[in-house]
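Worksheet: the structure to be examined is printed underneath.
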Amino acid sequence: MTTKTPFELMMEQAQEMAKAFNPALSSFDPKGYEKLWPTMSKDAMEMFFGKGLSKSGLDAKTRLLLTLAGLTMQGAQAETPFRMTVRHALEAGATEEEIAETIAQMSMFAGIPAMTRAMDLARGVMAENKDDET
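For the sequence shown, the residue numbers in full-length UniProt numbering are 1 to 134.
Dropping the structure here:
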């Protein structure tokens with residue numbers, strides 16, 4: 001007999017409750033939800049998150065790299081927001097190297113497991129982008 005952790009039991013209960021509210025949620029996939037959100041254009045990101053907030057402030061690319069750093073510090077637990085932030089950072093002009101360097105820098109503060117998870121997620125997004133370009 002396998003004993004489930006309290007977290008596993010809580011997740012099972014939450015899934016059952018979601019199915020009771022809406023049977024379509026039984027096959028819900030967060031990655032599918034992520035694909036519904038388009039990548040904002042660089043100009044839109046600048047307006048909403050960059051120099052639109054403060055003319056002499058941080059640009060959208062820098063803000064998104066800082067967001068990646070914060071998400072990495074949290075252990076990259078929120079996969080969909082993390083992947084979307086990588087997509088938006090690339091669109092805002094960040095290079096793959098800048099993204100990797102931002103994540104690697106967080107290993108000093110968040111630890112190697114958090115950095116490794118974040119790198120894996122970022123690599124997945126970058127691979128998808130390369131697939132989309134071909």
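Glycine included, each C-beta is placed from N, C-alpha and C at the ideal position.
Between residue 99 and residue 89 a beta carbon distance of about 6 Å is seen, short of the 8 Å cut, so the two are scored as contacting. Within its own chain, the residues whose Cβ lies closer than 6 Å to the Cβ of residue 69, once the five positions on either side in sequence are excluded, are 102 and 106, listed in chain order.
The region 7–27 and the region 58–69 do not touch, with fewer than 3 CB-CB distances between them shorter than 8 Å. Taking C-beta atoms as the reference points, residue 75 and residue 114 count as a pair closer than 7 Å.
By the beta-carbon neighbour count (other beta carbons within 10 angstroms, threshold 16), residue 82 is buried. Rounded to the nearest whole angstrom, the CA to CA distance from residue 124 to residue 112 is 18 Å.
Residue state for residue 75 is assigned as coil, using DSSP reduced to three classes. Taken atom to atom, the span from the alpha-carbon of residue 23 to that of residue 130 is near 35 Å. Taking C-alpha positions only, residue 108 is separated from residue 41 by approximately 32 Å. Collapsing the DSSP output to three states places residue 70 in a helix. One Cα belongs to residue 79, the other to residue 72, and the distance between them is close to 10 Å.
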